[in-house]
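Here's the structure, in structure tokens; my notes come after.
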Amino acid sequence: MDLQAKSGTQFTPTILDRFTFARHFGLSSSNICDTFLSIITESWHEAVHKHLAGIIRASDDEEKERFLKALVRKIRLNGKLNVFLEQLTHHLFDYTLRIPSGVTLPSDMEQKEYPQDNKEISARIDKLREEVMKLNEEKRILVVERENYEKGVEVLQKLKNLQ
Numbered sequence: 001m002d003l004q005a006k007s008g009t010q011f012t013p014t015i016l017d018r019f020t021f022a023r024h025f026g027l028s029s030s031n032i033c034d035t036f037l038s039i040i041t042e043s044w045h046e047a048v049h050k051h052l053a054g055i056i057r058a059s060d061d062e063e064k065e066r067f068l069k070a071l072v073r074k075i076r077l078n079g080k081l082n083v084f085l086e087q088l089t090h091h092l093f094d095y096t097l098r099i100p101s102g103v104t105l106p107s108d109m110e111q112k113e114y115p116q117d118n119k120e121i122s123a124r125i126d127k128l129r130e131e132v133m134k135l136n137e138e139k140r141i142l143v144v145e146r147e148n149y150e151k152g153v154e155v156l157q158k159l160k161n162l163q
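Counting in the UniProt record's numbering, the sequence shown runs from 1 upward without gaps.
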């Protein structure tokens, strides 16, 4: 994967690694903000029920439950939490998880390495033919060496039997 930025950009390979990692594992700004909202809501709900439920001495269970639900709803801060999470989503999308134009993602590598013209294709074919010829020659040499090795082992066994 080509993680080098184009010349003139301020992105380092470490930062580009983070962008590629985020995209590869499906991270998005809305996923992160949804996780924050879930954590905040669960923590607040747990704190209200854990710490305040014992303090409240309401005679009516319904009244007590209404009060606890009202406290849990207060986590929304009259819409301020939603505004904050919306701003966080936009910031993450625009800055933190933005993939710069100089980054080649793994899904784009096939397009990047795709041969562009017939000369390049024929050069690749010629190179592959040469590799096949070299491998066939090496295979032939290995077959001859194996035969020589087997003959040598037979001779050694015959010498061993003569002694």
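In this text, a Cβ means the ideal position worked out from N, Cα and C, and glycines have one as well.
With distances taken Cα to Cα, identify the nearest neighbour of residue i among the options.
i, options, result
"C33", "L81, I125 and N148", "L81"
"I40", "V144, I121, R73 and E131", "R73"
Tell me, to the nearest whole angstrom, how far the beta carbon of residue i is from that of residue j; I am working on the premise that it is less than 8 Å.
i, j, result
"L52", "L71", "7 Å"
Give me the Cα-Cα distance between residue i and residue j, rounded to the nearest whole angstrom.
i, j, result
"F93", "G79", "21 Å"
"E147", "I125", "33 Å"
"E62", "L85", "32 Å"
"V155", "K119", "54 Å"
"H45", "L88", "22 Å"
"V132", "H91", "53 Å"
"K151", "N136", "23 Å"
"I121", "E138", "26 Å"
"L162", "L128", "51 Å"
"D117", "A123", "10 Å"
"E65", "K50", "13 Å"
"K160", "R140", "30 Å"
"Y149", "K158", "14 Å"
"residue 166", "E130", "What the structure shows of the chain is the stretch from 1 to 163, and residue 166 is not part of that stretch, so it cannot be assessed."
Below 8 Å between beta carbons: does that hold for residue i and residue j?
i, j, result
"V83", "L68", "no"
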